[in-house]
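Trainee: Numbering (the numbering used here), first residue to last: -7 to 177. Even glycine gets a Cβ: it sits at the ideal position worked out from N, Cα and C. All of these numbers come straight from a predicted model, not from anything done at the bench.
#1: Residue 111 by DSSP, collapsed to three states: which one?
#2: Can you find the residues in the same chain that come closer than 6 Å, C-beta to C-beta, to residue 176, ignoring five residues on each side of it along the sequence?
#3: Three Cβ pairs or more, each shorter than 8 Å: is that satisfied between the segment 17 to 35 and the segment 85 to 100?
#4: Around the C-beta of residue 140, are 16 or more other C-beta atoms found within 10 angstroms, so that it is buried, or is it exposed?
#5: On the criterion of 16 or more Cβ atoms from any shown chain inside 10 Å, does residue 82 qualify as buried, or is it exposed?
#6: Kindly give me the distance between the Cβ atoms of residue 21 and residue 132, rounded to whole angstroms, as I take these residues to be in contact under 8 Å.
#7: Measure the alpha-carbon distance for residue 136 versus residue 36 and round it to whole angstroms.
Dropping the structure here:
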């Protein structure tokens, strides 16, 4: 088996464990952490994670955020000026784009019941525009079942680094790695 298949097997052991229903939203988050070079392989084998979820008796809902920034930028009437002067975009990212992403995810979470895994694909596409940690903080109160984030990067203890690029963030999420971390809920 390859690394993605192995990771799906670790995920299945994790998602199959009994879910505690009284934990806080922050503790309902799972991050499947994988090497950024495996993004295409993960996308090709995404069905293994869905099947693992269904075999464990849970429902699956996939949210692909890969195009969120492009769609938001394409709809902005001043997009050309942002390409000419990117520094002007910072305030809009913090206000408008972050709000849009949070709303999209909150709406998806509201549709899910307490037995559903809402999976986020495309976290790398948000890099530089939005911090995943802030997005999770914004939506954690809306998590009914579990929120699963496919996270191309690294995990060291509870410190996560998206794309191995910026300073990491410490979070309460259950990290699912090939090293078998985070198998308790």
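Mentor: If we stick to the structure as given:
#1: Residue state, collapsed to three classes: strand.
#2: For residue 176, the predicted model reports a pLDDT of 35, less than 50, meaning its position is unreliable; a value from the coordinates is still stated below. Closer than 6 Å at Cβ, skipping near neighbours: no residue.
#3: The segment 17 to 35 makes no contact with the segment 85 to 100: fewer than 3 CB pairs, one atom from each, lie closer than 8 Å.
#4: With 16 or more other CB atoms across the displayed protein chains lying within 10 angstroms of its CB, residue 140 is buried.
#5: Here residue 82 is exposed. Its C-beta has fewer than 16 other C-beta atoms within 10 Å.
#6: The beta carbons of residue 21 and residue 132 sit about 7 Å from each other, so the pair counts as a contact at 8 Å.
#7: About 28 Å.
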